[in-house]
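Okay, structure first, notes after.
Below you can see the structure in the form of C-alpha cells.
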C-alpha cells in the first residue's frame, strides 16, 4: 500500500500503466492523460491510447473538491466506493463499470472508461430517451437492495457489512443537504431570486417538517440494505444499449426506499424542468407522459423483481412470510415516495441544484418549474401514506401540476 | 494485553490483586476466591477478604458455557460488555456495577461485587417488592436509550458507536431463541408435557408470525440506540435501596422498544407465574395488581423522562420537532408491546424458560400459567397497533386472564 500523494496527470498515467494490464505492449510515450472530473469530491483522470484503449483513474482528495481544503474529508470514502462497486459488480456486472484495480493507500480506483456513454442528466435535459434505462435501473435497485439485506445475507455477514460501510462523512453531507438545509433559512441554500417567499413557506410548513424528521430518522437508523446512496441522474451513464451506475462513495446501510426515491425524484425533476426546457408543447406533453410511464415502469419493474427475490431467495425462515413481505414492500413504497419528495425539494431550494431547472433560460418558466417541483415534493412527502399505488401518484402529479 | 487463558479460581484471585487497588495491603493468603457463575456464557469469580472487601472477576469463555465447546463464541463479547457498561456507567452511575478494570486479551472484567443485592428474578418469584426498582429502571431505560441515539449524539459519533457494537454472535442467539424457534416446531424448544397442542397452535398462527417477522426485521435493521439487549429479571440485581443492571454482553444498536419490552415481558411472566406461586388468593390478587401498577408506572416514568430529554436535549434541529417526537414515542410504545409479547412467548415454549413458570410445583397450575403467558404474549404482539395507552393494555390483560 503506497503512501498517499495527490496525482498529477502524469502520475495517473504511470499508475495506470503499472497497475493494470490494459496498456501492456504500448509505448508509454503514446499514452495521454487528462483530468476530466467535474464532480464535487474527487480527481478523475482519463488515460488513453490513440488505438482506443483507455481507463479512468479516480482519486479521492482529502477534502471536498467543490469547497476546498476547508472541508476536509477522509480518504476512507475511496475504500467505501471501491468495495461497494465490487459488491454491485458481483450482483449486476453489466450495470457498473469494471474495476481494474483499487489501492487504499493512494485512495485510487482504476476503472472502465465510459466515454462512449453520456451522463443521464445531460441526456435528459436534452429530452433524450434510452430504451434500456428503466428496466436496467429496476434490476439494479432490486438486486443490490435485496441481496445485501437481511432477507438474503447470513446475519453475521450482514452485520459485518454494516460495519464495513459505516460512512459518517458522506452521510453527513446527505443528512445536511437533503434533510436539514432545505427546511430552514440556511446559508447553504440556493434560492432563485423571486422564489424567496415560496421557499419561506416551506420553512414554516410544520406538518411537512414532521414528515421530513421521520424520513431523516429512518435514514439515520434503518440499516436495511447497502444503498448506493446517491442515485441521481449525474451518477448514471447511459447509451442506447447500456446503463452504468457510477460514484458509489455515498454507499452505506440505510432504508431501501432512499435509492429508489432518489432516482424517481430525478425523473420528476426532469418532468418539472421540461416545462421550461422543451419549447414545443406537443413534444413536451408527449415527453412528459413518457416520463410518467417510465416512473410507473420503474416501480413495477422493481416491485416485480424484488417480489420474485422475496419468494425465491429469502433465507431467514422467519422472514419467509407472505403477509409480512407485502407489508415490507408497502413500507419500501412509502419511503420511496417520501425520499423522492425530499429530492425534489432539496434540488429546488438547497445547495445542490440540477441542470433540469437551472438551465431553463426563461426566468418566469424557471420559477414555474421550481414551483412545480416544490408542490410535487411536498405532496409526495405529506401524502405518501395515502398513495396506494403508482396510478394514484401519477394522478396526483397531473392534478397538482396544472401548467 | 495478556494472552488468553481460562481462569481457575487462583488465577482470578491473583489477577484481581494485580489489577485493582482494592486488596492493597492485604495478605493474599487471607483472600479467597470461588466460581459463582450460574449463567449461560461466562465464568464468574468472587474474590473476597474476611473484612468484606470483595470484587467480581468475570471472564468470557470461547464457547457458550451452557452448551459447551461445540457452540463456539468469540471473546469479543467481553469487550462489548465492558464498553457498554462503561457507557451505561457514565449515563446512570448508580444503576450499574462499578467497573474496576477491563482487559481485552484475557476477556476479563473486574467489577463491583453485588453480594448485598439479590437477583430480581429470584426475589420476584418469592413475591418480594422493591420500592426503587421501577423508577430506577424507567430512568435507566430513558437515559441509556436517549443519550446513545441520533437524538443526542453527534451523527459521526453515533455511527462509530454502531460499528463499535456490531455484535453478530450474541444477536444471533436472540434472533434465534426470541424470534425463530418459538414459532416453529424447533428441536431447541422446551415445551411442557401436556402443552404440545397449545404450542402447535402458536406455530400455525399465521397472523402472529407475520407480526413477529416485522418485529424481527426491526430488531435486525433499526439501529436506534445502544440497547442493553438482555433486560430480563436475571440481569438485574436489587436491594430495597438499590438497583443494578448487569450482563451487557448482548449490547448492540437496535430498536429502543426491545429493552423496555423485555423488562415489561418479565414483569408479566411473573404476573402469570404467581397464579401458581402464591397460594393465598387475596395476597396473590394484591401482588398481581401491584405488578400491573408497576408496569403502568414503568412506562409512564420512561415516557415522561424520555420526553423531557426530547424537549431539552435533542441536538439535531431536524429532529427537534414536537409532532414527529410524539410519533417517535408512539413507535417506541408499539415496539415495547410487541417485544414484551415475544418475551412472554419465548419464555413459555422456547429454550430458555424462567423460574416464574418452571418453579410452579402444581402441574395443572403451571400449565395454566403458561397458557396465560401465551395468551397475553399473542395479544400484545397482535394488538400493539390498536392499544393506545397502558390503561388499554392493562384492561386487555385483565380481560384475557380470566383465572
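Chains as they are written, first to last, in the UniProt record's numbering: chain A, 1 to 403; chain B, 1 to 403.
Note that beta-carbon positions come from the ideal geometry of N, C-alpha and C, so glycine has one too.
Since the structure is predicted, the reported quantities are computational estimates derived from the model, not experimental observations.
Name the two residues that bound the continuous alpha helix (DSSP H) containing residue i.
i	result
residue 113 of chain A	Note, residue 113 of chain A: premise wrong, no alpha helix (DSSP H); not H, not E.
residue 243 of chain A	Taken as a continuous stretch (DSSP letters only), residue 243 of chain A belongs to no alpha helix (DSSP H), being part of the beta strand (DSSP E) at 242-245.
residue 70 of chain B	Unbroken run through residue 70 of chain B is the beta strand (DSSP E), 68-72; no alpha helix (DSSP H).
residue 15 of chain A	9-19
residue 354 of chain B	Looking at the DSSP string, residue 354 of chain B is not in any alpha helix (DSSP H), and its letter there is neither H nor E.
residue 363 of chain B	363-383
residue 90 of chain A	76-91
residue 341 of chain A	322-349
residue 121 of chain B	120-125
residue 168 of chain A	168-179
residue 196 of chain B	196-203
residue 144 of chain B	133-147
residue 161 of chain B	155-164
residue 392 of chain A	390-400
Is residue i close to the ligand FMN? I mean its beta-carbon at under 7 Å from any heavy atom of the ligand.
i	result
residue 82 of chain B	In the structure on display, the ligand FMN does not appear, and there are no ligands present to speak of.
Whose Cβ in chain A lies nearer than 7 Å to the Cβ of residue i?
i	result
residue 221 of chain B	150, 222, 223 and 224
residue 321 of chain B	209, 210 and 213
residue 324 of chain B	210, 213 and 214
residue 206 of chain B	323
Please classify residue i as buried or exposed, where buried requires at least 16 other C-beta atoms within 10 Å of its C-beta.
i	result
residue 223 of chain B	buried
residue 321 of chain A	buried
residue 204 of chain B	exposed
residue 254 of chain B	buried
residue 241 of chain B	exposed
residue 355 of chain A	buried
residue 194 of chain A	exposed
residue 407 of chain B	Residue 407 of chain B falls outside the range modelled here, since chain B spans only 1 to 403, and no answer is possible.
residue 285 of chain A	exposed
residue 182 of chain B	buried
residue 69 of chain B	exposed
residue 167 of chain B	buried
residue 25 of chain A	exposed
residue 388 of chain A	exposed
residue 218 of chain B	buried
residue 59 of chain A	buried
Kindly list, in the order they appear in chain B, the residues whose Cβ is closer than 9 Å to that of residue i.
i	result
residue 156 of chain A	168, 169, 171 and 172
residue 404 of chain A	Residue 404 of chain A lies beyond the range of chain A shown here (1 to 403); nothing can be said about it.
residue 160 of chain A	166 and 168
Quick one: which chain B residues come within Cβ less than 8 Å of residue i?
i	result
residue 317 of chain A	180 and 184
residue 78 of chain A	Residues of chain B passing the Cβ test: none, with the nearest at roughly 18 Å.
Determine the chain A residues that contact residue i at a beta-carbon separation under 9 Å, and present them in chain order.
i	result
residue 147 of chain B	The contacting residues do not exist; residue 147 of chain B stays about 15 Å from chain A at best.
residue 88 of chain B	Those within 9 Å of residue 88 of chain B in chain A number zero; the least Cβ separation is about 20 Å.
For the beta strand (DSSP E) that contains residue i, what are its first and last residues?
i	result
residue 33 of chain B	32-35
residue 46 of chain B	42-48
residue 103 of chain A	99-103
residue 238 of chain A	236-239
Name the DSSP beta bridge partners of residue i, please?
i	result
residue 254 of chain B	B:225
residue 297 of chain A	Per DSSP, none; premise fails for residue 297 of chain A.
residue 60 of chain A	A:42
residue 55 of chain B	B:47 and B:112
Which chain A residues are close to residue i, counting only those with a beta carbon under 8 Å from its beta carbon?
i	result
residue 217 of chain B	150, 319, 324 and 328
Is there a Cβ from chain E that is less than 8 Å from the Cβ of residue i?
i	result
residue 180 of chain B	Looking for chain E here will not work: the only protein chains present are A and B.
Mind checking the region 162-186 of chain B against chain A and listing, in chain order, the residues whose C-beta falls within less than 8 Å of any C-beta there? Of all residues in the region 162-186 of chain B, those with a C-beta nearer than 8 Å to a C-beta of chain A are 162, 163, 166, 167, 168, 169, 171, 172, 175, 179, 180, 183 and 184, reading in chain order.
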